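Engineer: For reference, the structure I am asking about is given below.
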Amino acid sequence: MAKKQKILETATKLFMQEGYGRVSMDQVTRESLVSKATVYAHFKNKNELFVASLTYYQELHQIKAPVFKSKAAKNLDDLYFGVQDYSQQAYDYYNTDAIVNMYRILIAEINEFPELFEMFFGNHTGITKTLSDFLGAFARENNYNKDNCYILACQILDLIRGATIWTKLVKNPDKLKLFENQNIIPKNIVKSIEGLIKLHLLTTHEGK
Numbered sequence: 001m002a003k004k005q006k007i008l009e010t011a012t013k014l015f016m017q018e019g020y021g022r023v024s025m026d027q028v029t030r031e032s033l034v035s036k037a038t039v040y041a042h043f044k045n046k047n048e049l050f051v052a053s054l055t056y057y058q059e060l061h062q063i064k065a066p067v068f069k070s071k072a073a074k075n076l077d078d079l080y081f082g083v084q085d086y087s088q089q090a091y092d093y094y095n096t097d098a099i100v101n102m103y104r105i106l107i108a109e110i111n112e113f114p115e116l117f118e119m120f121f122g123n124h125t126g127i128t129k130t131l132s133d134f135l136g137a138f139a140r141e142n143n144y145n146k147d148n149c150y151i152l153a154c155q156i157l158d159l160i161r162g163a164t165i166w167t168k169l170v171k172n173p174d175k176l177k178l179f180e181n182q183n184i185i186p187k188n189i190v191k192s193i194e195g196l197i198k199l200h201l202l203t204t205h206e207g208k
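Under the working numbering, the first residue of the sequence shown is numbered 1, with each subsequent residue one higher.
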């Protein structure tokens with residue numbers, strides 16, 4: 001286990017400093033001071049090591065993905081409270097400098113290695129699916145429109161990422177000023193989310 005930890009620590013440092021494309025398994029082997037056989041005994045390929053490194057990176061920085069405090073919303077008040085609380089957690093998650101740096105690494109490699117985002121989202125977060133499932137459970141139980149729940153979840157999280165990660169990556173000075181008041185962006189996001197929920201979810205199957 002000590003050798004696996006050393007490999008993971010070394011790989012994470014290299015990936016975060018140099019990106020995915022510039023790091024080789026040979027380099028990880030060399031700087032971890034272990035044999036190549038040991039590296040491959042724990043990680044079958046570079047992709048698996050990269051995904052494990054992203055997970056370790058977030059554990060290292062004590063970053064936790066958002067979670068719902070209750071599994072299902074019984075009424076509209078529960079729904080709004082649950083989504084708003086989850087969205088605030090998502091805002092805090094995506095607004096973390098460590099997460100912004102991680103996305104910077106992913107985006108820098110996207111043209112040459114487009115599969116990186118799929119590897120990350122497919123193996124790690126589940127943030128969108130968790131939100132979609134919460135919305136879908138409420139819609140089915142209360143005869144609202146369940147067909148748009150995944151799209152709604154995507155739009156809510158895209159809104160949050162746009163106000164956090166993308167703003168910080170682009171470094172637009174006017175938008176960055178908004179971060180001087182930590183309450184402005186979350187309040188505006190809440191209003192926008194309420195509008196999205198009304199538009200996509202709070203209609204019955206009959207369109208009433």
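The beta carbon of each residue, even a glycine, is placed where N, CA and C say it ideally should be.
None of these values were measured; they are calculated from a predicted model.
(1) On the DSSP letters alone, give me the boundaries of the alpha helix (DSSP H) that Ala-108 sits inside.
(2) Going by alpha carbons, who is nearest to Ala-72 out of Lys-36, Thr-130 and Lys-46?
(3) According to DSSP, is Tyr-91 helix, strand or coil?
(4) If you draw a straight line from the alpha carbon of Phe-50 to that of Lys-44, how long is it in whole angstroms?
(5) In this structure, does DSSP put Tyr-20 in helix, strand or coil?
(6) So Asn-47 is in the alpha helix (DSSP H); what residue range does that whole segment cover?
(7) Taking a contact to mean a Cβ-Cβ separation below 8 Å, would you say Val-34 touches Leu-14 in this structure?
(8) Could you check whether the Cβ of Gly-126 sits closer than 8 Å to any Cβ belonging to chain D?
(9) Here's the rule: buried if 16 or more other CB atoms are within 10 angstroms of the residue's CB, otherwise exposed. What is Lys-208?
(10) Note down, in chain order, each residue of its chain lying with its Cβ closer than 8 Å to the Cβ of Leu-159, except the 5 sequence neighbours on either side.
(11) Write down the C-beta distance between Gly-82 and Phe-134 rounded to the nearest angstrom, noting that I regard them as a contact closer than 8 Å.
(12) Look at the Cβ atom of Leu-8, then the Cβ atom of Tyr-56, and state whether they are nearer than 8 Å.
(13) Can you find the residues in the same chain that come closer than 6 Å, C-beta to C-beta, to Gly-19, ignoring five residues on each side of it along the sequence?
(14) Just how far apart, CA to CA, sit Phe-117 and Ala-11?
(15) Please state whether DSSP places Thr-167 in a helix, a strand or coil.
(16) Starting from the C-beta of Glu-206, find all residues in its chain whose C-beta is less than 6 Å away, skip the five residues before and the five after it, and write them out in chain order.
(17) Mind reading off the beta-carbon distance from Ile-127 to Ala-52? Whole number of angstroms is fine, and I expect it under 8 Å.
(18) Alpha carbon to alpha carbon, how far is Phe-113 from Glu-48?
(19) Could you have a look at Lys-64 and say whether DSSP puts it in helix, strand or coil?
(20) Quick check: Ser-24 and Lys-6, are their CB atoms within less than 8 Å of each other?
Structural biologist: Straight from the coordinates:
(1) Per DSSP, Ala-108 belongs to the alpha helix (DSSP H) from 97 to 108.
(2) When each option's Cα is compared against that of Ala-72, the closest is Thr-130.
(3) Note: Tyr-91 maps to helix in three-state DSSP.
(4) Approximately 11 Å between the Cα atoms of the pair.
(5) Here Tyr-20 sits in coil by DSSP.
(6) Segment 46 to 60, the alpha helix (DSSP H) holding Asn-47.
(7) Against a cut-off of 8 Å, the Cβ pair of Leu-14 and Val-34 comes out as no contact.
(8) Absence of chain D from the displayed structure is noted, only one protein chain being present.
(9) Per-residue confidence for Lys-208 stands at a pLDDT of 45, beneath the threshold of 50, marking its modelled position as unreliable; no derived number is given.
(10) Excluding positions up to five away in sequence, the list reads Ile-189, Ser-192, Ile-193 and Leu-196.
(11) With 8 Å as the limit, Gly-82 and Phe-134 qualify as a contact, their Cβ atoms being about 6 Å apart.
(12) In this structure, Leu-8 lies near Tyr-56, with their beta-carbon atoms less than 8 Å apart.
(13) If we look at Gly-19 and ignore the five residues flanking it on each side, its Cβ neighbours are Ile-105, Ala-108 and Glu-109.
(14) Cα-Cα distance, rounded: 18 Å.
(15) Assignment of Thr-167 by DSSP, reduced to helix, strand and coil, places it in the helix class.
(16) Low confidence applies here, because Glu-206 scores a pLDDT of 46, under 50, leaving its location unreliable; read the following figure in that light. Correct list: empty, nothing qualifies.
(17) Rounded to the nearest angstrom, the Cβ distance from Ile-127 to Ala-52 is 19 Å, too far for a contact under 8 Å.
(18) Spanning the alpha carbons of Phe-113 and Glu-48 requires a straight line of approximately 14 Å.
(19) The three-state reading of DSSP puts Lys-64 in coil, since its state is none of H, G, I, E or B.
(20) No, these two residues do not count as a Cβ contact at 8 Å.
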